[in-house]
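Visitor: Counting from 1, position 241 in the sequence shown corresponds to residue 240 in numbering that gives the first Met the number 0; the numbering is continuous, with no gaps.
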Amino acid sequence: MKHGTNKQTDTIRNHIVHALANGQFCSGEALGEQLGISRAAVSKYIKALGELGLNVFSVTGKGYRLAEPIQLLDGEAIALHCQRFDTKQLKLLNVIDSTNQYLKDRISTLANGDVCLAEAQTAGRGRRGRTWVSPYGASLYLSQFWQFAGGYQSIGGLSLAVGVAITQALEKAGYQGIELKWPNDIYARGKKLAGVLIEVEGQMGSACDCIIGVGLNMALDLGSEQIDQPWIDLTTLNPDGFDRNRISALLLDELTHCADVFSQSGLASFLDTWRERNVFRDKPITLIIGNRTVQGICKGIDATGALLLQQENGVHAYNGGEISVRAN
0 MKHGTNKQTD TIRNHIVHAL ANGQFCSGEA LGEQLGISRA AVSKYIKALG
50 ELGLNVFSVT GKGYRLAEPI QLLDGEAIAL HCQRFDTKQL KLLNVIDSTN
100 QYLKDRISTL ANGDVCLAEA QTAGRGRRGR TWVSPYGASL YLSQFWQFAG
150 GYQSIGGLSL AVGVAITQAL EKAGYQGIEL KWPNDIYARG KKLAGVLIEV
200 EGQMGSACDC IIGVGLNMAL DLGSEQIDQP WIDLTTLNPD GFDRNRISAL
250 LLDELTHCAD VFSQSGLASF LDTWRERNVF RDKPITLIIG NRTVQGICKG
300 IDATGALLLQ QENGVHAYNG GEISVRAN
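1. Taking DSSP as the reference, what is the three-state secondary structure of R325?
2. Contact check, G299 vs L307 under 8 Å by CB: the rounded distance?
3. State buried or exposed for F84, treating a residue as buried only when at least 16 other CB atoms are found within 10 Å of its CB.
4. Where S264 and L157 are concerned, what is the direct C-alpha to C-alpha distance, given to the nearest angstrom?
5. What are the partner residues of E118, as DSSP defines its beta bridges?
6. Exposed or buried, what is F147 when buried is set at 16 or more other beta-carbons lying within 10 Å of its beta-carbon?
7. List, from N- to C-terminal side, the beta strand (DSSP E) runs of 3 residues or more that fit wholly inside the segment 167-230.
8. Going by DSSP, which residues form a beta bridge with F261?
9. Going by the DSSP bridge assignment, what does N277 pair with across the sheet?
10. Roughly how many whole angstroms lie between the Cα atoms of I197 and I211?
11. Which of the three DSSP states is assigned to F329 in this structure?
12. Answer yes if the segment 55-63 comes into contact with the segment 78-96, meaning at least three C-beta pairs across the two stretches below 8 Å, and no otherwise.
13. Which complete alpha helix (DSSP H) runs does the segment 286-321 hold, if anything under 4 residues is left out?
14. For K191, tell me which candidate among M217, A160, T255 has the shortest Cα-Cα distance.
15. Tell me where the beta strand (DSSP E) around I36 begins and ends.
16. Quick check on R64: does DSSP put it in helix, strand or coil?
17. Between which two residues does the alpha helix (DSSP H) carrying L79 extend?
18. With a CB to CB cut of under 6 Å and the five nearest residues on each side skipped, what residues in its chain are close to L250?
19. Could you pull out every residue in the same chain whose Cβ sits closer than 6 Å to the Cβ of K282, ignoring the five residues on either side in sequence?
20. Can you have a look at K180 and say buried or exposed, based on whether 16 or more other CB atoms are within 10 angstroms of its CB?
21. Quick one, are the C-beta atoms of G27 and P68 less than 9 Å apart?
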């Protein structure tokens, strides 16, 4: 079955997930009666949900069950925890290709702060064209729209500021020791916990539209073998569990506050915190710049957000979207 996003498919898929979310058995016959479809059709939807990352198993005579209960996104639950973000600007989605793409397709109708959150992405994107693995209900997949009047020159370092906002949201959720990797990754215990992807549209010299995408690993299972770098999730950091909707609200609050502050003062207000949480602070690193590599000691970032590298002939600043940072 294709992972379509037409309304009927989404409605049926959403009903099945809600029926299974509590981790109890639900028979295919009962699901079919509720939905007005055959048991064979139910089976096809279950298989498709498995392909989207839901760990569903079946037992003859009992029906279908999730290996573990999941917390589904709930607008009312998110609103209970929001203090800065207006949840009237929140759009909850089930399965889509990409939250960034969803906003890009509607950019002419968006207002500052508009957000979409999805349960799963079929074409999630990371930096430099990488795929962001996005299994159903296992993480947060979020995008927010902001327009900056100052144009391209006013958004230098935005991904760094967003990274700081994410660490602050996680701190409020009770997670300690969250660090930042230049230019757009959030780390814990030396592994990637979250990432930021900012896509910009606009003309030079005029206001620019930014779509700020965030992916936060929460309870990865199926599909995690596709991730091509060391990763960690919130379940690993706190096996006692978490409230997915509360963390969503904390993140929305901090991202909204971040954009407000950044639009007024740029990166300056975030510099000290970023430097304190730099995962490679004073450590030897390698920069991969196209086909060449550069080595040195990481000395943080300058006022523009460029990475500072101490080398034999002094400290040099490096910037640009094609630079990757690796530990030596």
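The C-beta atom is built at its ideal place from N, Cα and C for all residues, glycine as well.
Guide: Reading off the structure:
1. Correct three-state label for R325: strand.
2. With a Cβ gap of about 6 Å, G299 and L307 count as contacting.
3. buried
4. 11 Å
5. Residue pairing for E118: DSSP places it in no beta bridge.
6. Per the 10 Å Cβ criterion, buried.
7. 178-180, 184-187, 190-201, 207-216
8. According to DSSP, which records beta bridges pairwise, F261 is partnered with nothing at all.
9. L179
10. 5 Å
11. In the structure as shown, the chain begins at 0 and stops at 327. Residue 329 is therefore absent and cannot be evaluated.
12. no
13. none
14. M217
15. I36 -> no beta strand (DSSP E), and no H or E assigned at all.
16. strand
17. 74-80
18. A168
19. C297
20. buried
21. With respect to the 9 Å criterion, G27 and P68 are not classified as neighbours on the basis of their beta carbons.
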